[in-house]
Amino acid sequence: MKAPMIAAALLAGAAQADTFITVQSTTSTQNSGLYDAILPIFEAETGIDVRVVAVGTGQALRNARSCDGDVLLVHAKEAEEAFVTDGFGLTRQDVMYNDFVLIGPVDDPANVADQNSIAEALVAVAASDAPFASRGDDSGTHRREVSLWPDGPPASGTTYLETGQGMGATLNIAAALQAYSLTDRATWLTFANTDGMTILHEGDPALFNQYGVIVISPQACPSVKLEDAQRFADWITGDTGQSAIASYRLGETQLFTPNATR
Amino acid sequence: MVNKDAMEPFTTAFANAWHLIWTADADLMGVLALSFQVTGLAVLVSCLIGFPLGAILGVGRFAGRSASLVAINALMGLPPVVVGLGLYLLLSRAGPLGVFGLLYTPTAMVIAQTVLVTPIVAALTAQVTEEMHREYRDLFATMGMGQVQQAATLLWDGRFALTTAALAGTGRAFAEVGAVMIVGGNIDHVTRVMTTTIALETSRGELALALGLGLILLVLSLAINAGVMGLRNMGMRLAHG
Numbered sequence: 001m002k003a004p005m006i007a008a009a010l011l012a013g014a015a016q017a018d019t020f021i022t023v024q025s026t027t028s029t030q031n032s033g034l035y036d037a038i039l040p041i042f043e044a045e046t047g048i049d050v051r052v053v054a055v056g057t058g059q060a061l062r063n064a065r066s067c068d069g070d071v072l073l074v075h076a077k078e079a080e081e082a083f084v085t086d087g088f089g090l091t092r093q094d095v096m097y098n099d100f101v102l103i104g105p106v107d108d109p110a111n112v113a114d115q116n117s118i119a120e121a122l123v124a125v126a127a128s129d130a131p132f133a134s135r136g137d138d139s140g141t142h143r144r145e146v147s148l149w150p151d152g153p154p155a156s157g158t159t160y161l162e163t164g165q166g167m168g169a170t171l172n173i174a175a176a177l178q179a180y181s182l183t184d185r186a187t188w189l190t191f192a193n194t195d196g197m198t199i200l201h202e203g204d205p206a207l208f209n210q211y212g213v214i215v216i217s218p219q220a221c222p223s224v225k226l227e228d229a230q231r232f233a234d235w236i237t238g239d240t241g242q243s244a245i246a247s248y249r250l251g252e253t254q255l256f257t258p259n260a261t262r
Numbered sequence: 001m002v003n004k005d006a007m008e009p010f011t012t013a014f015a016n017a018w019h020l021i022w023t024a025d026a027d028l029m030g031v032l033a034l035s036f037q038v039t040g041l042a043v044l045v046s047c048l049i050g051f052p053l054g055a056i057l058g059v060g061r062f063a064g065r066s067a068s069l070v071a072i073n074a075l076m077g078l079p080p081v082v083v084g085l086g087l088y089l090l091l092s093r094a095g096p097l098g099v100f101g102l103l104y105t106p107t108a109m110v111i112a113q114t115v116l117v118t119p120i121v122a123a124l125t126a127q128v129t130e131e132m133h134r135e136y137r138d139l140f141a142t143m144g145m146g147q148v149q150q151a152a153t154l155l156w157d158g159r160f161a162l163t164t165a166a167l168a169g170t171g172r173a174f175a176e177v178g179a180v181m182i183v184g185g186n187i188d189h190v191t192r193v194m195t196t197t198i199a200l201e202t203s204r205g206e207l208a209l210a211l212g213l214g215l216i217l218l219v220l221s222l223a224i225n226a227g228v229m230g231l232r233n234m235g236m237r238l239a240h241g
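Line order of the protein sequences matches chains Z and W. So in full-length UniProt numbering, spot 47 of the first sequence is number 47, and the numbers just go up one at a time. So in full-length UniProt numbering, spot 219 of the second sequence is number 219, and the numbers just go up one at a time.
Following this line, the structure appears as structure tokens:
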């Protein structure tokens, strides 16, 4: 069959960019506009084009295990460390953090704003009739949310709704149903469809949200562009990358706080 | 009674769509160009495969023909997500075709859409040529034509009817999101097309912008259909006097 080959040849021109790396990423860093702000700086400095595939952390880790990327940028520390221990990643480095927040309808029917901890707030949601929208997709945010319920999450399909979708889709559902939900702060602050919803509980140390970067191991994946991938990891954990992250703001609010250790 | 506030997303959507087109937004133009490129190539390849395949099924008399027709009709209903997932497993670096490095390229998106569109083109072609074959059967018999020649004749004589098959395929490819999202990865400036942009903006809660992009997609789809139908009618007048 000649036709697909012709198609491939014609399209090669469209997809052309000689030096590029593929980053398997969580969605919050893309949806919040962080990449649009910092990647052009890296690209201008190095001439390396960064192609971001933004999926949930769980899917990003799976895609990386299939060698479909050069770098991982996700937020599920335990899973990331397991990824490295299993030989798929070279090293894992902290990049930055923000925090998770519990959002819900402004009138707060489960009264979570008055609770002393996120655990108590979630128990209050479970005790009320108010719905809770969970990602249910094995993402970094979903893993964290599941771990925050003192007795495990409520049975699925009652008032606990597993959307099985990304953060944005889940927030759209939460807004439509006036349901509670757990989201990272950056995604929430840049989310437009907040219809009658607001942050109701925040600040618990258990809501700390650490992002890490991993260069995928060329031993596990010979296709990895090691040099360029390492350059990206060094850059984002280095002075220029860290200050670029720190200076990304939405209005007055800084969305991510850099905390790479050098 | 229409609540004025409830209509707000729709009016904003129109305003957004108009603004993006009027200012010839550079990102939008890039995304549109890639949409046309991917869909155009996928439909072209699908027609190159689907027209002959459909015509053979339409006029051929061979064992397994009915089963093939049933299969090709069933394939018209292939869920795009399943096609995307299957191709992901094939094209992934860990998959059997991984060495070609096609995942997250426009080529992968063309392949995905070709898989989705070819059954539509083939099935509709089979239907058109089968009906024509009833009228042409005696003529073919007196001329002593073989099956391949008959298929070729019917494809040519039925070319105006077959534009509908190509258009149906174009509609499917143009509007499809599930498969291209998985194999393309929705990478900015590389594999981002209209439908994946709409999905992204929806996930960012920018509903009016997403709807505005949807309106642009709809208008373009209308324009393509009107254009092709116009050409078809012009061609028919020329051909039949």
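Cβ atoms here follow ideal geometry from the backbone N, Cα and C, with glycine treated the same way.
The continuous beta strand (DSSP E) containing residue 104 (chain Z) extends over residues 89 to 105.
With its beta carbon less than 8 Å from one in chain Z, residue 93 (chain W) belongs to the interface. For the 8 Å CB-CB criterion, residue 69 (chain Z) and residue 216 (chain Z) form a contact. If you ignore the 5 residues before and after residue 16 (chain W), its C-beta comes within less than 7 Å of the C-beta of 208, 209 and 212, all in its own chain and listed in chain order. Residue range 65 to 75 is occupied by the alpha helix (DSSP H) that includes residue 72 (chain W). Judged by their CB atoms, residue 171 (chain Z) and residue 149 (chain Z) are not nearer to each other than the 8 Å cut-off. CA-CA distance, residue 36 (chain Z) to residue 124 (chain W), rounds to 44 Å.
Residue environment: residue 22 (chain W) is assigned as exposed (fewer than 16 neighbouring CB atoms within 10 Å of its CB, all protein chains considered).
Rounded to whole angstroms, residue 236 (chain W) and residue 11 (chain W) show a C-alpha spacing of 41 Å. Under the 8 Å criterion on CB atoms, residue 188 (chain W) is classed as interfacial with respect to chain Z. In the three-state DSSP reduction, residue 53 (chain Z) falls in the strand class (E or B). Ranked by Cα distance from residue 144 (chain Z), the options Z:78, Z:22 and Z:235 are led by Z:78. Of the candidates Z:175, Z:204 and Z:173, the residue whose Cα lies closest to the Cα of residue 116 (chain Z) is Z:204. Secondary-structure assignment with DSSP links residue 211 (chain Z) through a beta bridge to Z:96. Scanning its chain for C-beta atoms nearer than 7 Å, with the 5 sequence neighbours on each side dropped, one finds around residue 32 (chain Z) the residues 186, 187, 190 and 255, in chain order. In this model, residue 40 (chain Z) and residue 72 (chain W) are separated by some 47 Å (Cα to Cα).
Rounded to whole angstroms, the gap between the alpha carbons of residue 236 (chain Z) and residue 242 (chain Z) is 6 Å. As computed with DSSP, residue 250 (chain Z) is found in a beta bridge with Z:253. For the 8 Å CB-CB criterion, residue 103 (chain W) and residue 88 (chain W) form a contact. As summarised for the segment 218 to 242 of chain Z, the continuous alpha helix (DSSP H) elements at least 4 residues long and confined to that stretch are 226 to 237, given in chain order. Every alpha helix (DSSP H) stretch that sits fully inside the segment 137 to 212 of chain W and reaches 4 residues is listed by chain position as 147 to 157, 159 to 175, 178 to 184 and 194 to 203.
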